[in-house]
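Enquirer:
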Amino acid sequence: MSHNVKGTIKQQMYTTELTMSNHQLIADEPIDENGQDLGPKPTELLNAALSACTAITMKMYAARKGWDLQEAIVEVDFVRDIKNGVTTFSKKIELFGNLDDAQKQRIYEIGAKCPVHRIIEGTVQIESELI
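Take the sequence shown: its letter number 92 is residue 1339 in the working numbering, and every next letter is one higher.
1. Going by Cα to Cα distance, which pick from Asn1331, Lys1312, Leu1342 is closest to Ile1320?
2. Just to confirm, are Gln1271 and Glu1264 a CB contact at a threshold of 8 angstroms?
3. Nearest by alpha-carbon distance to Asp1315: which of Leu1285, Asp1348, Ser1298 is it?
4. Inspect the beta-carbon positions of Ala1296 and Val1363 and report whether they are closer than 8 angstroms.
5. Suppose the cutoff is 8 angstroms on Cβ atoms and the five residues either side in sequence are ignored; what does the same chain contact list for Lys1306 look like?
6. Could you check which residue in Tyr1308, Ser1298, Asn1269 has the C-alpha nearest to that of His1250?
7. Taking 8 angstroms as the threshold (C-beta atoms), are Thr1301 and Gly1358 in contact?
8. Nearest to Tyr1355 by CA position, among Arg1365, Glu1368, Tyr1308, is which residue?
9. On the criterion of 16 or more Cβ atoms from any shown chain inside 10 Å, does Ala1274 qualify as buried, or is it exposed?
10. Would you grab the beta carbon distance between Met1260 and Gly1282 for me? Rounded to a whole angstrom, and I think it's under 8 angstroms.
11. Return the CA-CA distance between Gly1254 and Ile1366, expressed in angstroms with no decimal places.
12. Since Asn1294 contacts Asp1324 with CB under 8 angstroms, what's their CB separation in whole angstroms?
13. I'd like to confirm the pairing. Which residues does DSSP put opposite Ile1273 in its beta bridges?
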């Protein structure tokens, strides 16, 4: 499975077209940061990836178990400690449905096993190449 995303920026300040699989998105910066605010900021997309992956993973697990998870809300933010080089992500998760406390706890735990969570939490290397 390809994870390739292509970002293209042209003349308009900061507006970047993102192409992946059969989808296109726009990333941008807010107007107060000299962007056009035509799409989410790159850092918001990072949060969105973690939020969506967590929600999808929890929903998949609950469905496999036959549990009635009707709605999951996953709010993600992060704080960068530039001095110490540490970035801390926070996730606030709300689960709704006909679930007992043990089921909610297990679904919550499974959310931390989503692929994006594991990537962010693991050792990451970035290889860049000028072509």
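Just so you know, even glycine gets a beta-carbon here, dropped at the ideal spot from N, CA and C.
This one's a predicted model, so the numbers in the text were calculated from it and none came from an experiment.
Expert: Based on what the coordinates show:
1. Leu1342
2. yes
3. Asp1348
4. yes
5. Leu1316, Ala1319
6. Asn1269
7. yes
8. Tyr1308
9. buried
10. 6 angstroms
11. 21 angstroms
12. 6 angstroms
13. Glu1264
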